[in-house]
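Note that our numbering has the sequence shown beginning at 4, numbered continuously upward. Quick reminder that beta carbons are idealized off the backbone N, C-alpha and C, glycines included. Every value quoted in this text rests on a predicted model; they were computed, and no experiment measured them.
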Amino acid sequence: MVPTQESAGYCAAQVKHILTHQEYSTIRHVLKSHKHNPEWMKEFLKCGGLKNLLDTITLACTPNKRPGSCNNVLSSCVACVSVVTATRIGSEFMTSGETPLNSLTLGLISEDEVVKRDILTILSTLLLHSSTAHDLISSSFDNFAVYHHISYRFSSLVSDLKTTESVEYQKSLLNFINCIIDRSSGVESRLTLRNEFIALGLLNTLKDLRRTQNNSIAQQIIHFYEHKSKDESSLPRDYQAKNPAALFYNLWKKVC
């Protein structure tokens, strides 16, 4: 049987190559039309469709290929990945191991804030619906830092939150930060991860963002502080003495 342009096998084979923006748009349209067809999606994944899209993201993020048209490739690929990961089988594939999320997170090096917003939305959704996503996503940011020679794995997120003028991107950044902290296992893990963001200057940025008139952003900031207070109040009194990281953070707060 000859595959048609809407068959899962044909689409998976097409995205093995870097396509034009229009060709990606066509693929995305086909993906959306089969979003509620589990058998079609299963075949698309079986034929390597999602893997091919993620491989293209990795290729587009190599240092010598970032400028110019690669931003368009990233935008198109991430839009397609977003459709697939909105399905149960797609989200299961993304959390099946380190490689899929490593590839997707590399795309955060893009200068396109829409691309980064869409990636963070995918990551936040996976955090909310998968019990294995947290460790894998945390690891993917370690990989991101090593791959792109960045000293601190979350520094670009805090930096973007400080400088972006896009309200939609601000909301995605805050939502992701809250999600990855909230989904940490246990109070001490949440405190450690939250302090990692705070050490990058998050509190000063949140202070500036409090002036915003956007209700969604205001609610995200309230959420951050309420959960921070709740976690800190639940710790035993001798926690800082027994935990070097907590002691360092306490001293850092007094100095800064």
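Asked                                                                                                                                                                       : Found
What are the uninterrupted segments assigned as alpha helix (DSSP H) that are 4 or more residues long and contained completely in the region 155-190, given in chain order? : 158-166, 170-185
Can you give the beta carbon distance from residue 224 to residue 205, rounded, assuming they're within the 8 Å contact cut?                                                : About 10 Å separates the two Cβ atoms, so there is no contact after all.
Which whole-angstrom value is the C-beta distance of residue 52 and residue 14, which I expect to be below 8 Å?                                                             : 6 Å
Hey, residue 184 and residue 203 are a contact pair by Cβ (cut 8 Å); roughly how many whole angstroms apart?                                                                : That pair is no contact at about 13 Å.
Relative to the C-alpha of residue 78, which candidate in 120, 103, 105 has its C-alpha closest?                                                                            : 120
Can we say the region 25-32 touches the region 58-66, given the rule of at least three CB pairs closer than 8 Å?                                                            : no
When you compare only the Cα positions, how much space is there between residue 148 and residue 171?                                                                        : 24 Å
What residue range does the alpha helix (DSSP H) around residue 146 cover?                                                                                                  : 136-150
The ligand FMN and residue 173: does any heavy atom of the ligand fall closer than 8 Å to the residue's C-beta?                                                             : Ligands in the displayed structure: none, and consequently the ligand FMN is not present.
Can you tell which of 158, 46, 181, 219 has the C-alpha that lies nearest to the C-alpha of residue 229?                                                                    : 181
With distances taken between CB atoms, is the gap from residue 125 to residue 107 smaller than 9 Å?                                                                         : yes
Residues in the same chain with beta-carbon distance under 7 Å from residue 54, minus the five sequence neighbours each way, listed in chain order, please.                 : none
Could you give the DSSP three-state label for residue 21: helix, strand or coil?                                                                                            : coil
Just the Cα atoms here: how many angstroms apart are residue 221 and residue 213?                                                                                           : 6 Å
Taking C-beta to C-beta, are residue 101 and residue 142 nearer than 9 Å?                                                                                                   : yes
Under a three-way DSSP split, which group does residue 35 fall into?                                                                                                        : helix
In chain order, what residues of the same chain have a beta carbon less than 7 Å from the beta carbon of residue 157, not counting five sequence neighbours either side?    : 144, 199, 200, 203
Alpha carbon to alpha carbon, what distance is there between residue 151 and residue 251?                                                                                   : In this prediction, residue 251 scores a pLDDT of 49, lower than 50, which makes its location untrustworthy; the coordinate-derived value is nonetheless stated afterwards. About 27 Å.
Specify the secondary structure class of residue 133 as computed by DSSP and reduced to three states.                                                                       : coil
From this set, 186, 174, 193, which residue's C-alpha is nearest residue 218's C-alpha?                                                                                     : 174
Are the CB atoms of residue 87 and residue 44 within a distance shorter than 9 Å?                                                                                           : yes
Alpha carbon to alpha carbon, how far is residue 194 from residue 103? Give it in angstroms, no decimals.                                                                   : 27 Å
Does DSSP classify residue 127 as helix, strand or coil?                                                                                                                    : helix
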